[in-house]
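The sequence shown begins at 110 in this note's numbering and counts up one residue at a time. All C-beta atoms in this analysis are idealised placements derived from N, C-alpha and C, irrespective of residue type, glycine included.
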Amino acid sequence: MTRDLGPLTSVWTLAGELARRPSRAVLDGHAPVLAVLEDWLTTRGLPCRRLHDGTRPPVALLVEIAGGRPGPWWTLDACVDTAPVRR
110 MTRDLGPLTS VWTLAGELAR RPSRAVLDGH APVLAVLEDW LTTRGLPCRR LHDGTRPPVA
170 LLVEIAGGRP GPWWTLDACV DTAPVRR
């Protein structure tokens with residue numbers, strides 16, 4: 110059941126989709142999480158590029174949003190993996 114949060118409903122749904130993907134640092138690959146993010150971004154008209162580290166699978170997404178005037182670039186760098194479970 111999707112919770113109705115108005116304009117934030119899609120973000121709530123995205124968070125749930127991300128939580129269902131294995132994303133333990135070093136143990137799981139980035140590809141499943143990045144695929145969810147890539148789909149969410151492109152559905153909203155934000156084209157992105159996959160970034161690769163050598164011959165490995167994708168490790169990040171790059172989204173560029175052009176502004177209407179010249180100015181500085183801003184970068185949001187957020188990890189998409191989680192810490193491994195400790196027992």
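Taking leucine 155 as the centre and dropping the five residues before and after it, the same chain places the C-beta of Val172, Ile174 closer than 8 angstroms to its C-beta, in chain order. Residue state for threonine 191 is assigned as strand, using DSSP reduced to three classes.
Burial of histidine 139 is indicated by the presence of at least 16 other C-beta atoms within 10 angstroms of its C-beta. The residue among Gly180, Cys157, Leu117 with its C-alpha nearest the C-alpha of alanine 169 is Cys157.
Here arginine 153 is not near proline 141, since their CB atoms are 8 angstroms or more apart.
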